[in-house]
Amino acid sequence: MKLHVSLPGLEMKNPVMPASGCFGFGKEFAQLYDLNDLGAIAIKATTEEARFGNETPRVAETEAGMLNAIGLQNPGLKGVTEQELPWLQQLDTPILANVAGTKMEDYEAVAAGLSESGMVAALELNISCPNVKEGGITFGTDPKLAAELTKRVKHVSDVPVYVKLSPNVTDITEIAKAVEHAGADGLSLINTLSGMKIDPATRKPLLANEIGGLSGPAIKPVAIRMIYQVRQVTELPIIGMGGIMGMEDVLEFMIAGADAVAVGTANISNPFACPEIIQELTDWAGTEPAADWAGWKQGGVKA
Amino acid sequence: MKLHVSLPGLEMKNPVMPASGCFGFGKEFAQLYDLNDLGAIAIKATTEEARFGNETPRVAETEAGMLNAIGLQNPGLKGVTEQELPWLQQLDTPILANVAGTKMEDYEAVAAGLSESGMVAALELNISCPNVKEGGITFGTDPKLAAELTKRVKHVSDVPVYVKLSPNVTDITEIAKAVEHAGADGLSLINTLSGMKIDPATRKPLLANEIGGLSGPAIKPVAIRMIYQVRQVTELPIIGMGGIMGMEDVLEFMIAGADAVAVGTANISNPFACPEIIQELTDWAGTEPAADWAGWKQGGVKA
Amino acid sequence: MIQKEWMSVVSIDEIAASIFEVVLEGDMPERIQAPGQFVHVKTSPHVAPLLRRPVSISEHWPEQRRMALVFRAEGEGTSRMAAWRAGDEVDVLGPLGNGFDTSDVDEGEKALIVGGGVGVPPLLGLAKQLAGHGVRVQTVLGFADEPSAFFQERFSALGDCFVSTIDGSIGETGFVTDVIDRRGLSYDAIYACGPLPMLRALDSSYATAKGKLSLEERMGCGIGACFACVCHTADDPDGTSYRKVCSDGPVFPWGEVVLS
Amino acid sequence: MIQKEWMSVVSIDEIAASIFEVVLEGDMPERIQAPGQFVHVKTSPHVAPLLRRPVSISEHWPEQRRMALVFRAEGEGTSRMAAWRAGDEVDVLGPLGNGFDTSDVDEGEKALIVGGGVGVPPLLGLAKQLAGHGVRVQTVLGFADEPSAFFQERFSALGDCFVSTIDGSIGETGFVTDVIDRRGLSYDAIYACGPLPMLRALDSSYATAKGKLSLEERMGCGIGACFACVCHTADDPDGTSYRKVCSDGPVFPWGEVVLS
Ligand SMILES: Cc1cc2nc3c(=O)[nH]c(=O)nc-3n(C[C@H](O)[C@H](O)[C@H](O)COP(=O)(O)OP(=O)(O)OC[C@H]3O[C@@H](n4cnc5c(N)ncnc54)[C@H](O)[C@@H]3O)c2cc1C
Ligand SMILES: Cc1cc2nc3c(=O)[nH]c(=O)nc-3n(C[C@H](O)[C@H](O)[C@H](O)COP(=O)(O)OP(=O)(O)OC[C@H]3O[C@@H](n4cnc5c(N)ncnc54)[C@H](O)[C@@H]3O)c2cc1C
Ligand SMILES: Cc1cc2nc3c(=O)[nH]c(=O)nc-3n(C[C@H](O)[C@H](O)[C@H](O)COP(=O)(O)O)c2cc1C
Ligand SMILES: Cc1cc2nc3c(=O)[nH]c(=O)nc-3n(C[C@H](O)[C@H](O)[C@H](O)COP(=O)(O)O)c2cc1C
Ligand code: FES
Ligand code: FES
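Chains as they are written, first to last, in the numbering used here: chain A, 11 to 313; chain B, 11 to 313; chain C, 53 to 312; chain D, 53 to 312.
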């Protein structure tokens, strides 16, 4: 079976990409393995201005998961286009650039700047980051705002736009439909669940920001359910994520309705997670009679 | 320190009760230990008519959690009041009766019947069960419906009414405020997160019902976050639950803002979970200088 | 009386491909009432795997305070069990459920015992008990293939033992029902445990038989409280009739429950 | 070059109350560049504990392909590590970060090494290296109490070693700064590792010193990609200047980062 996946803007050798925020801008991982092995790379969120992010501690461990409240630390649009993206051009792997902001204008400015740079294959609109005090998440929980933002960003972008959905909503299909109608080229889900941990010894939250985003295997059942639900209301390509640790998880996401997957937290607990998963998938594909993912998925759960 | 907790309708020797659905109607556990050791008992949901529930498999294991889709199997109002509640009367432990239905009228009928029976100390309105095809969950995700249902049930009940909130919502504080204004005497949260698991080998969902409720340690960060948020918008007593496995978890919930806690999944993986936790708490209380929970909580996170 | 006990692992052996026999020591064996009862095993002292695993008691020796379990190491939990070592202390809940009631057959009568795969273990305890009561025991065991077959000798020591494998690598080729029919085995009661397709085939082929069968179902609590493991009854006037496999079963009278 | 390696546990010993020293063997020791580098340890082969634990390399012997870690068993992850046994294979990522650059002191000059609690281990490798370069090493070690104290002898073998404990159960009563002031210890450079309050006290008491200090911060990836472990720099014109403890540190020049 061929692992290749073709999504708007993203010609992927295999359906596996690192998830935004868990891979920086790739340089650290380039010391560890060949980034050309990846299907694509979702880089860390870019905001208009450079951000320091939240105070530390920014991460905490939970049962089979972790909380993070990095707070969108990044060098800003200028820093990303001047210091990060040029280096990534040497790769033969499409770059999915994650776009964040607090106002619609911020998103527009970042999307326009990244699109104009000619160095990214597609944009991923992060309307779902739970770790910034204002903005961000509201766009992800209100279908009207999500749609308007999508429309405005589409307007200024020459590359395809994926909208990254928040799981912290009553009905994810509503948001999915809203952004589809607004012109999104694809969806990615799920971002982190909003969570908190308190240390009984100190009686204080473990994160300086108190609340953070829960990721990792703990949230996989929520991710699978949401992708399964969203798959039933839209034909848009879906990049699925949330707790992927190994090949079996990738298959589970593909059956649920994903067209490609992103691996987040697994990179943090094992920096070789992506190439290990891709190797497993390659071995599996060697024994799988279907010609491609589309054929293989016909045997699975019906949307 | 005294472990005693006094909530509307519930005079509890300690803040620990088994959570609804994870303890049946108590009889099985009565073979294992003295149910008078418990702070209270939340019994399995009662519906107006007897229900068989969903087909099996009804449970699946996930990372640090489990999915269930029991589907509210129960002997119905008549069965519960005639076969289950009389036996529980011998206990010196308050009974919190979980009420479920698909229409407002069902809830009213069950609440009225249980209240009139004189055998329950309080009601817990289950507006959040994700495992029945119609009704149930919609009440838990729409503040207006939740408020109306609360009002109607309050109207027919002589005992205090706790409303059990669903975590599958965009803003849990909105629902909390709505049911508070409608007259709820207390809140209990969280119910299970809606989730799904697919077996890559069979390419089918593990649960016959496809989607089920995720519980256990995996969801604790979401529960803590929601209780912390709800604590900031209401003075109502909160029964906190979601992933409690040991004493440290109880303390974490109390600091986050709970006034008592319910232990669900832990009973399933260890039927002695409640008495073990209560013993740990008792030992801890012996070394804790504060006079009571109120005093102890002053040292914790501020709501 | 159900208890939760830290039992010690006396020995653990791989008796067939991925099939392990573990002998445990503690107070629990004294409380076992009948073959076919099971235990609910916490496979690790840590949070995960969260759920216990139901495993039948294959044999027990109350005087030595010992009992044996035989399991296939497959998923997360049973793989942890396969890593147990002699001397480990393991968390076991039991004895659970109702085992085989053998009052269907009297001394001198013939019992047909039919087991498939990891349904075979509890039948060993049953066969020993029946043989002890002077019942004539015939056994038909079905396995996938030779490497995964086990216990043929132990059953042969108690009476005729026929083996079938799907690939014919040992014994007769085909399913257990093929063996029973081909050999025209007669019996006064049947006792069966194994995969659902096997039980269904037996149930439909020998619908009027006397006997008992033991069911598997996904479980939560294992003690009858969570309603994870229910099955429909054959006689169900209003659609709400049910049995809990964990506490009403896992052994049921032939024909009582729906094998769906 | 950072590698992820299954290293084998050569030995593990409890050298003080809940303080364990583990010796690991593999290829990694050959790649260690400086004392103060650390490794990021997967404490269990299972999913949980999910995050790796950062632990300093206390000593290494490249010729024997060995290195040592010393850790306090406290939470979930370090308790798993304490249960490691000789012969186990464990998943280690490293060597990580930048260690102690000792160019601040020359042969014959005096280095003051100050360690507190589990900040002490990486300083042993440092002290050995300094002593090897002919630097005069004085050490001040702070511990909570006698049972949790360790490595006094190993440091004494390299130069003067003073110990302080909070309860005075061994050594001098009080904090490390009390010892330094009371004894009027002089130095050409300070090297410190320990709890934040200790580092802050040193930083404010000896603000103009030359030297290096090693920081701790909650970590995610350990390789510089996730931005979990950042700290502010002392010189920060627009509020966005930062260092990553895992990849820029954990050792920083005296005064470079804000100890908040
Ligand atoms: C009453 C009873 C007695 C049993 N006796 C034996 C025995 O003696 N030997 C033996 O090898 N097996 C026995 N089984 C089956 C055994 O319980 C499963 O093989 C085992 O639970 C699978 O666990 P795992 O960790 O390998 O799989 P996982 O896939 O990790 O299990 C995930 C979840 O599914 C459940 N599950 C998976 N397969 C089954 C199954 N077939 N039946 C019930 N639950 C399942 C697990 O208990 C767990 O909750 C028995 C089952 C029941 C209900
Ligand atoms: C660069 C560096 C080097 C270190 N070297 C040593 C050493 O040589 N010996 C030693 O005993 N300890 C050392 N530590 C501290 C050690 O990492 C923590 O004690 C350990 O992570 C705690 O894990 P746990 O499983 O006991 O606690 P848990 O409470 O289970 O840990 C939960 C999470 O918090 C993190 N965490 C908890 N405490 C700390 C801490 N003090 N610093 C950083 N993260 C923490 C854990 O890594 C984990 O992610 C070092 C820390 C850093 C950053
Ligand atoms: C440390 C960390 C940082 C993250 N930063 C971002 C980010 O900048 N933008 C974004 O869209 N998602 C971010 N995420 C979310 C992930 O991309 C992913 O959606 C989520 O973690 C679920 O996948 P996982 O369980 O595989 O980690 C971050 C997650 C983590 C753990
Ligand atoms: C098997 C099972 C059955 C449940 N049945 C009910 C129910 O009938 N009514 C209800 O309000 N909640 C029910 N719940 C939800 C629990 O009461 C609890 O809110 C939830 O599981 C979170 O707590 P936990 O993580 O401690 O299990 C059920 C949970 C489980 C696991
Ligand atoms: S497993 Fe809980 S009732 Fe049977
Ligand atoms: S721990 Fe990830 S950047 Fe330092």
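Just so you know, even glycine gets a beta-carbon here, dropped at the ideal spot from N, CA and C.
Query, Result
"Rounded C-alpha distance that separates Leu-327(A) from Phe-33(A)", "The structure shown does not extend to residue 327(A), since chain A spans only 11 to 313, so no value can be given for it."
"Counterpart residues of Glu-111(D) in DSSP-defined beta bridges", "Ala-120(D)"
"Every unbroken alpha helix (DSSP H) inside the region 242-309 of chain A [4 residues or more]", "257-266, 275-279, 283-296 and 303-307"
"Minimum C-alpha distance to Leu-48(A) - residue among Pro-25(A), Lys-174(A) and Val-109(A)", "Pro-25(A)"
"heavy atom of ligand 2 below 8 Å from Thr-130(D) C-beta", "yes"
"Cut-off 6 Å between Cβ atoms - residues of its own chain near Glu-94(A), not counting five sequence neighbours on either side", "Phe-35"
"Stretch pair the region 221-229 of chain B + the region 181-198 of chain B: three plus CB contacts closer than 8 Å", "no"
"Contact with chain D by Ser-279(A), beta-carbon distance below 9 Å", "yes"
"Interface residues of chain B facing Tyr-294(C) [CB-CB closer than 9 Å]", "Phe-62, Gly-63 and Gln-83"
"Contact set between Ala-134(C) and chain D, taken where Cβ atoms lie within less than 7 Å", "Simply none; closest approach about 14 Å."
"Residue-level contact to chain G via CB, Arg-241(B), 9 Å cutoff", "Absence of chain G from the displayed structure is noted, the protein chains being A, B, C and D."
"Contacts of Ala-280(D) in chain A (Cβ-Cβ under 9 Å)", "Thr-66, Pro-67, Arg-68, Val-69, Asn-78, Ile-80 and Ile-278"
"Listed by chain order, chain A residues near Val-232(B) by CB distance under 8 Å", "Leu-203, Ser-204, Gly-205 and Leu-224"
"One or two residues paired with Val-61(C) in a DSSP bridge", "Leu-76(C)"
"As assigned by DSSP and simplified to three states, the class of Lys-23(A)", "coil"
"Short Cβ contact (9 Å threshold) for Leu-102(D) with Ser-279(A)", "yes"
"Contact list for Glu-38(B) against chain C, beta-carbon separation under 8 Å", "Cys-273, Ile-275, Gly-276, Ala-277 and Ser-299"
"Identity of the residue in Lys-174(B), Met-206(B), Ala-50(B) and Arg-241(B) nearest Thr-103(B) by Cα", "Ala-50(B)"
"Contact set between Ile-54(D) and chain A, taken where Cβ atoms lie within less than 7 Å", "Gln-41 and Leu-42"
"Which of helix, strand or coil DSSP assigns to Phe-207(D)", "helix"
"Val-231(D), enclosing alpha helix (DSSP H) - first and last residue", "228-235"
"Any non-hydrogen atom of ligand 2 within 8 Å of Phe-123(D) CB", "yes"
"Within chain B, the residues that Asn-178(A) reaches when beta carbons sit closer than 8 Å", "Thr-180"
"Three CB pairs or more closer than 8 Å across the region 201-213 of chain D and the region 124-141 of chain D", "no"
"Any non-hydrogen atom of ligand 5 within 8 Å of Cys-273(C) CB", "yes"
"Contacts that Tyr-238(B) makes with chain A (C-beta to C-beta distance below 9 Å)", "Met-206, Ile-208, Pro-215, Glu-220 and Ile-221"
"Per-residue DSSP class, three states only, for Phe-149(B)", "helix"
"For Asn-64(A), three-class secondary structure by DSSP", "coil"
"Nearest to Thr-275(A) (by Cα), restricted to the options Met-76(A), Leu-42(A) and Glu-58(A)", "Met-76(A)"
"6 Å Cβ shell around Asp-8(A) - same chain, five flanking residues per side excluded", "Here chain A comprises residues numbered 11 to 313, so residue 8(A) is not present and cannot be evaluated."
"Continuous alpha helix (DSSP H) stretch holding Ser-293(D): start and end", "Careful: Ser-293(D) lies outside any alpha helix (DSSP H) and carries neither H nor E."
"Contact set for Lys-154(A): own chain, Cβ-Cβ below 8 Å, skip 5 residues either direction", "Ala-188"
"Contact set between Ala-74(B) and chain A, taken where Cβ atoms lie within less than 8 Å", "Glu-73, Ala-74, Gly-75, Pro-227 and Ala-228"
"Environment of His-112(D) [buried if 16+ CB atoms lie within 10 Å]", "buried"
"Cβ-based burial, Arg-234(D) [other Cβ within 10 Å; buried from 16]", "exposed"
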